[in-house]
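Protein chains: 2
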Amino acid sequence: MSLLVVGSIAIDTVETPWGRRDNLLGGSASHFSLAARFFSPVKLVSVVGGDWPAEHTQFLASRGIDVSGIQVVPTGKSFRWTGRYKPNMNDRETLDIELDVFGRFDPKISEEFRRSDYVFLANAAPTTQMKTLEQVPGCRLAVADTMELWIQTAHADVLKLLQKIDGLVINDSEAKLLADTENLVLAGHRVRKLGPRFVVIKKGEHGAMFFSEHETYVLPAYPTEKVIDPTGAGDSFAGAMMGYLAEQDNFDPETLKTAMAYGILVASFNVEDFGLVHMEAITRGDVEARMADYRKMLNF
Amino acid sequence: MSLLVVGSIAIDTVETPWGRRDNLLGGSASHFSLAARFFSPVKLVSVVGGDWPAEHTQFLASRGIDVSGIQVVPTGKSFRWTGRYKPNMNDRETLDIELDVFGRFDPKISEEFRRSDYVFLANAAPTTQMKTLEQVPGCRLAVADTMELWIQTAHADVLKLLQKIDGLVINDSEAKLLADTENLVLAGHRVRKLGPRFVVIKKGEHGAMFFSEHETYVLPAYPTEKVIDPTGAGDSFAGAMMGYLAEQDNFDPETLKTAMAYGILVASFNVEDFGLVHMEAITRGDVEARMADYRKMLNF
């Protein structure tokens, strides 16, 4: 089924204990799309400035992603992010951020894109996410991400959004903040009660948790020695998860669990090199081989 | 098969966001024994002072634990620990610690106890652990725990011990310190190369990882909303794991994985009330019910 993602595509400069890379293709929607494409065709809506390197768009298109929804603002500048990871790879500091055109992002969804069945609202201001949502009233499943900034500065808008979406995919610190508790199990259920039918909490190197009315479960991360650059891991997770749901055209509890497992595995590839370097090189076959290994790991 | 544990039994005072309890039965070997008893008879070797409450020993005996190896030093004082947990339940501060007789612990293993097939060296000075090990040369499986203090202050002795044991069960921060890396997968393999045939890294609320020459895997924690007091969770984990191995009289890869799962589940009961309150109340049936739930959670 058709899968729509609306969010940032950006130019990232990243420094990790393994080195530094300048001007990588980054952004939530880029990582999401590269992960989702293994499972479903992806339609991407985003915005860039006049400085956007054409090769980034060509690259996305070459991976089968429908880039016709990328708006270009010739007089504006693309979203740029520069960050540095600490040796533990969990903590990072933003050295520089220029939102520019993405800060004024007003998503326009084309008639064709409005017929998408599965929609992912990547991290953006909750009012921007709501504008997208209003344009896809007929979608079967709408899932969103958010971040601490919005939970703190646009709390009422985040709460409004939670009332309208089917699923929320957030990380552990966001869940704790939103639910005002240090216990992640409690946090998951509290956030679910704010609106969405299901909540997924991403725990980075510790895997992910799932919460619905009748289900609570945790799956561990795939153990990898090679953590080069965690940027976009959470978006890859969401991309693979949503891509699998769209492929199956189903979001019953069993399918959601398998989708979460695919999210975990594709995210494990994402972190094994800088930016999208590993993500562009792997195939669905690589993902399935790791899945076989993962299922074996969890079987006893 | 027979299972021997050598380590501390103590008087704990603990404060968590849920309240405070004074003079609880604590210590590594107490938590270990209460967890292992579901699977195998346990022989306990420890040391206490003249102030030791007789009811603590009676309680252990009433749960089927062979307490004949508890040495009493009438002129000495029992090991006491007072600690406070932060709201995240992962960080704790030791408010007071009196090792006294346990600080001078010189384990004497009886002839009968020396014939134990499975031996767990609970946290103690590595030289003390080595003294135990020398008295059980014929055991089938010797597994040890240690702590940051010994890794920092008795590094050479820890390394010597690692050469002599079959398995090591440590927590994540200890593994990182011992292996000098922030990546737990790398840490697990590095520590294994220091001697033991297998290494288990306990990650608290995030589960546990296993490392042997040909196996690397992670199992998640059982998701519980009710974390009242984490004291002794790691020892409960080790107790259930060793108890199951002794029950099966086997430590092939499949059995070790199941043993680790039991460790995770019994630890999840441990944290659901203060001290040993929940551990004394549950039955093997409760453990098996949670195991069925856990297997279902990991199946997709």
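Protein chains in written order, with this note's numbering: chain A, 52 to 351; chain B, 52 to 351.
C-beta: ideal position from N, C-alpha, C; glycine also.
*Alpha carbon to alpha carbon, what distance is there between Thr282(A) and Arg155(B)?*
50 Å
Checklist entry - Closer than 8 Å, Cβ to any Cβ of chain A: which residues of the region 250-267 of chain B, in chain order? => result Lys254, Glu256, His257, Gly258, Met260, Thr267
- Could you tell me whether the Cβ of Lys211(B) comes closer than 8 Å to any Cβ of chain A? no
Roughly how many whole angstroms lie between the Cα atoms of Ser96(B) and Met342(A)?
A small correction: the amino acid at residue 96(B) is Val; Ser does not occupy that position in the sequence shown. For Val96(B) and Met342(A), the distance between alpha carbons rounds to 45 Å.
- Query: Are the beta-carbon atoms of Leu172(B) and Ala205(B) separated by less than 8 Å?
  - Reply: no
Alpha carbon to alpha carbon, what distance is there between Asp117(A) and Asp168(A)? 15 Å
Using the beta-carbon count (16 or more within 10 Å), is Asn74(B) buried or exposed? exposed
Beta-carbon of Ala193(A) versus every beta-carbon of chain B: anything under 8 Å?
no
Leu235(B) versus Leu184(A) - alpha carbon distance:
40 Å
Here's the rule: buried if 16 or more other CB atoms are within 10 angstroms of the residue's CB, otherwise exposed. What is Thr197(B)? buried
Exercise for review: Mind listing the chain A neighbours of Ala272(B)? Cutoff is C-beta to C-beta under 8 Å, in chain order.
Suggested key: Val269
- Query: So who's on the other strand from Gln221(A), going by DSSP bridges?
  - Reply: Sequence inspection shows Ile at residue 221(A); the Gln mentioned does not correspond to that position. According to DSSP, which records beta bridges pairwise, Ile221(A) is partnered with Ile252(A).
- request: Say whether the region 260-270 of chain B touches the region 310-327 of chain B, bearing in mind that this needs 3 or more beta-carbon pairs closer than 8 Å, one atom from each stretch.
  value: yes
Ser53(A) beta carbon less than 8 Å from that of Arg166(A):
yes
ask   = Taking DSSP as the reference, what is the three-state secondary structure of Ile121(B)?
value = strand
### Query
Rounded C-beta distance between Arg135(B) and Glu149(B)? I'm assuming under 8 Å.
The Cβ separation is near 16 Å, so there is no contact.
| task | Leaving aside the five residues before and after Asn141(A) along the sequence, list all residues of the same chain whose C-beta is less than 8 Å from its C-beta, in chain order. | result | Gly255, Glu256, Pro281
Check: Hey, how far is the Cα of Leu349(B) from the Cα of Val123(A)?
Finding: 45 Å
- Message: For a quick check, are the C-beta atoms of Pro177(B) and Val220(B) less than 8 Å apart?
- Response: no
For Pro104(B) and Ser119(B), the rounded distance between their alpha carbons: 16 Å
>> Is the beta carbon of Val152(A) closer than 8 Å to that of Leu55(A)?
In response: no
**Asked** By how many angstroms is the C-alpha of Glu106(B) removed from the C-alpha of Val242(A)?
**Response** 45 Å
Q: Closer than 8 Å, Cβ to Cβ, to anything on chain B: give me those residues from the region 284-295 of chain A, in chain order.
A: none
Open item on the list: Give me the chain B residues within the contact set of Thr309(A), using Cβ-Cβ distance strictly less than 8 Å, ordered along the chain.
Closed with: Phe351
>> Alpha carbons only, please: which of Asn139(A), Arg248(A), Asp286(A) is nearest the one belonging to His265(A)?
In response: Arg248(A)
Taking the alpha carbon of Ala332(A) as the reference point, which residue from Asp344(A), Val317(A), Glu66(A), Lys244(A) has its own alpha carbon closest?
Val317(A)
For Glu305(A), go through chain B and note every residue whose CB falls closer than 9 Å to its CB, in chain order. Phe351
Kindly indicate which residue of Ile121(A), Arg114(A), Pro125(A), Phe110(A) has the alpha-carbon position closest to the one of Gly100(A).
-> Pro125(A)
task: Could you name the residues of the region 131-154 of chain A whose beta carbon sits closer than 9 Å to any beta carbon of chain B, in the order they occur along the chain?
output: Lys137, Pro138, Asn139, Met140, Asn141
With Gly80(A) and Ile60(A) assumed to form a contact (beta carbons below 8 Å), what rounded beta-carbon distance in angstroms separates them? This sequence places Ala at residue 80(A); Gly is not what is there. Sure, about 5 Å apart at Cβ, within 8 Å.
Review point. Taking Cβ to Cβ, would you say Thr275(B) is nearer than 8 Å to Glu323(B)?
Key: yes
message = Looking at chain A, is there any beta carbon in it that lies within less than 8 Å of the beta carbon of Glu106(B)?
response = no
Q.
For Ile160(B), tell me which candidate among Ile121(B), Arg143(B), Asp147(B) has the shortest Cα-Cα distance.
A. Ile121(B)
Fill in: Val187(A) - DSSP class collapsed to helix/strand/coil
coil
### Task
Could you check the C-alpha separation between Lys137(B) and Arg72(B) for me, to the nearest Å?
15 Å
Can you tell me whether Ala226(A) is buried or exposed, with buried defined as 16 or more other CB within 10 angstroms of its CB?
buried
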